[in-house]
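Just below is one structure, and these are the notes that go with it.
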Amino acid sequence: MRATISALLRKELALELRTRESVPAMVLFTVTTYVLFHFGLDRNALDGDLAAGVLWVTLLFAAILGVNRLFVAEHEQGGFDGFLLAPVDRSAMLVAKAIALLCFLCAVELIAVPAFGLLLLGPSLGQALPELALVLVLANAGIAVVGTLVAALAIQTRARDLMVPLLALPLLVPVVLGASRATSPLLAAGGAEALPGDWLSLLALYDLLFALIAYAVFDFLLED
Amino acid sequence: MLSPCCPRRHDRPVPETAVALRGAGRNYGERAALRDVSLELDEGRTLVVFGPNGAGKTTLLRMLATLLRPHSGEVRVLGRALPDDGYAVRGRIGFLGHEPLLYRELTGRENLRFHARLHGVDAARVEVALDAVGMTARADDPVAELSRGMVQRLAVARAVLHEPELLLLDEPHANLDPAAVAQVQPLIGRASGRTRVVTSHDPAGGLIGADLALGLRGGRVALLAPAGDVKPAHIAALYA
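Respectively, the protein sequence lines represent chains G and A. Under the working numbering, the letters of the first sequence match residues 1 to 224, in that order. Under the working numbering, the letters of the second sequence match residues 1001 to 1240, in that order.
Written out as C-alpha cells, the structure is:
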C-alpha cells in the first residue's frame, strides 16, 4: 500500500506543479479576501477573536477551491478507471489525495499566514508562530480528510461545484470552531497567551474520527 | 521485446475457460444496456463483438474489466466470479477503451511509470513498452501535445505494460495509421497469444484472427457463432 500511495502522491504533486491549478488560485483567493476584510471592516489591525475568525474562515473558503479540483483529473482523464484496473487497495487513493490536499494547504499557508500578519493582524506573529503552526497542522488534517471524502462524493454528481461547499462547510464547522478558539489567544492584543489544550484536543479527536469514517466509506464511493 | 503472454506472477490454477457469462445483464437506471448474455471463451481465444452504437459493446467490456457490476446473471473472468473476486483478476486484465487513461499534463513516460508502479511492474518494462509501440522518441512530451494516434499507441503500451492474460480491447485500432496497426499487432493482436475480447465495426477486418463472433443489438445477443461461420453479410445485418 505504501508504494501505491507514493505513486499516487507523486502523480498528484507532478500534476499540480505542471498545471498550477489549485495552489496559486487558493493563495490569490486568501490575499484578495484579506484585502476585502481590510476595507469591509474598516480597520487597520485585528486581534483576538476577530483576527482568528477572519483567518480561519478565509483559509476554509480557500480550501474549498482546492477540494473542488481534487478529483477533476481522475474524472475527466480516466484516472479513476486506470486506478480501479490496478490490483491495489482503494484506500490508497484516499490517503494519497488527503496528503496531497494537506500539502496544498500548507503551501498556501506559507504565504497566506504571513500575508495575514502584514495586511490585517495587529500583534506580531513571531511569538505565536510555533503554537499557530500546531493549530494549522491539526486543522489542515481535518480539512484534508473531510475535503477528500466530500470531493470523491461530489465528483460523481453533475453539480460538483455546488455540492462541495454544501457538504463540506457544515462538516467543517467544528474545525473552524476549534481552530479559531485555539488561535484566538495566540493573536491577543497584549501578546500571545497560552494555547488552549482542550480545543487542540477537539481538533485531534475530529481528525481521528473523520479519518476512520473516511477509511470505512471511501471504497464505496469508488464503487460502480 | 514484450513477451507474447505471461503466466509469470501468480501461482494459480490455469482456467480453461477465460470468460464465461450466463444470463449476464447490466442496467443504467431503468434502461437495460445488456440483457441475458451467455457465452464462453476459452483461454488464448479471441472473441470479436459487433454491434451498432449503443448496442452494449462497451458495457460488456467494462463489466469484464470489473469497472461495472453485473446486475443479473453470472460473470466469471479468468476463473473468478465477478464482482466478488474482482480484486483477484484486476492485475491480469489489460483494458484499452475509448479513453486512453493517461494524464494529459504528464509525459508518456511519466504516465507509464505511474501505471507500472500501480501494477508493481519493474520500471525497466516502461522503456520496453515505449519501444514496442515506437514512442521512445516522444516519450518525454506531455500527452496533451501528442497526436491522437500517438496517444493511442501509448494507451496500447499502458494496457500491456503488466503483461495481462486477458485483453479487453474497445476498437483498438481507432486513430492508428496502417503502420501503427502493424506495430501494435504483436502486443494486442492474435500473435500476442493472449485471450482477447475485441469490439469492432469492421465486418471483414474484425473477423480476421477471431475464434468467436458476438453480435449485439439493443443490449441483446443477436448473433453468436464461430467466427469461421460468420459472413460479413451477417455482421452488416446487425447495423441494418
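By construction, the Cβ of each residue, glycine as well, lies at the ideal position given by its N, Cα and C atoms.
- The C-beta separation of R1117(A) from V1143(A) comes to about 17 Å, leaving the pair out of contact by the 8 Å criterion.
- Straight across, the Cα-Cα distance linking R1090(A) with V1049(A) is about 21 Å.
- A straight-line Cα-Cα distance of about 47 Å links V1133(A) and L60(G).
- If you compare the alpha carbons of A73(G), V176(G), Q127(G) and M93(G) with that of T148(G), the shortest gap goes to M93(G).
- A204(G) is positioned such that its CB atom lies no closer than 8 Å to that of L134(G).
- L222(G) and F80(G) do touch by the CB rule: their CB atoms are close to 7 Å apart, below 8 Å.
- L46(G) and A189(G) have their C-alpha atoms spaced approximately 8 Å apart.
- Residues of chain G with a Cβ closer than 7 Å to the Cβ of L1112(A) do not exist, since the nearest Cβ in that chain sits about 11 Å away.
- Separation of P130(G) and I5(G) (C-alpha to C-alpha, rounded to the nearest whole angstrom) is 29 Å.
- In this structure, A7(G) places its C-beta atom within 8 Å of the C-beta atom of F1114(A).
- Rounded to the nearest angstrom, the Cβ distance from E1043(A) to E1074(A) is 18 Å, too far for a contact under 8 Å.
- The CB of A73(G) comes closer than 9 Å to the CB of Y1103, R1104 and E1105 in chain A, given here in chain order.
- The beta-carbon distance between A214(G) and V164(G), rounded to whole angstroms, is 15 Å. This is too long to meet the 8 Å contact definition.
- For I1093(A), the chain G residues whose Cβ falls inside 8 Å of its Cβ are L85, in order along the chain.
- Chain-order list of chain A residues neighbouring V88(G): L1118, by C-beta distance under 7 Å.
- In the structure shown, R90(G) falls within a coil segment according to DSSP collapsed to helix, strand and coil.
- Taking 4 residues as the shortest admissible run, the stretch 1093-1159 of chain A contains the following complete alpha helix (DSSP H) segments, listed from N- to C-terminal end: 1108-1118 and 1124-1132.
- According to the DSSP assignment, L1224(A) belongs to the beta strand (DSSP E) that extends over R1220 to P1226.
- Looking at the DSSP output, T1199(A) bridges to V1049(A) and D1170(A).
- Taking a contact as a CB-CB distance under 8 Å, the pair V175(G) and G122(G) does not count as one, their CB atoms being some 24 Å apart.
- Judged by their CB atoms, R1026(A) and L1068(A) are nearer to each other than the 8 Å cut-off.
- Boundaries cannot be given for A1055(A), as no alpha helix (DSSP H) includes it and DSSP labels it neither H nor E.
- Secondary-structure assignment with DSSP links S1072(A) through a beta bridge to G1025(A).
- Within the stretch 142-213 of chain G, the runs of alpha helix (DSSP H) at least 4 residues long that lie entirely inside it are, in chain order, 160-171 and 173-183.
- Using a CB distance cut-off of 8 Å, E1165(A) does not count as an interface residue toward chain G.
- When Cβ pairs closer than 8 Å are counted between the two stretches, the stretch 47-66 of chain G is seen to touch the stretch 100-108 of chain G, the count reaching three or more.
- Around Y1087(A), the beta-carbon contacts reaching into chain G at under 7 Å are P87.
- Near chain G, meaning a CB-to-CB distance below 7 Å, the residues of the stretch 1034-1065 of chain A are A1065.
- Per DSSP, the continuous beta strand (DSSP E) segment holding R1080(A) begins and ends at R1080 to L1082.
- Under the three-state reduction of DSSP output, L129(G) falls in the helix class.
- Fewer than three pairs of CB atoms, one per stretch, sit closer than 8 Å, so the stretch 1226-1236 of chain A makes no contact with the stretch 1189-1197 of chain A.
- Judged by their CB atoms, V1121(A) and H1173(A) are not nearer to each other than the 8 Å cut-off.
- Out of A1033(A), R1045(A) and A1032(A), the CA that lies nearest to the CA of D1211(A) is found in R1045(A).
- As computed with DSSP, D1042(A) is found in a beta bridge with T1017(A).
- Beta-bridge partners of L46(G) (DSSP): L121(G).
- Leaving aside the five residues that flank A1222(A) on each side, the residues in its chain whose CB is nearer than 7 Å to its CB run, in chain order, G1215, L1216 and L1238.
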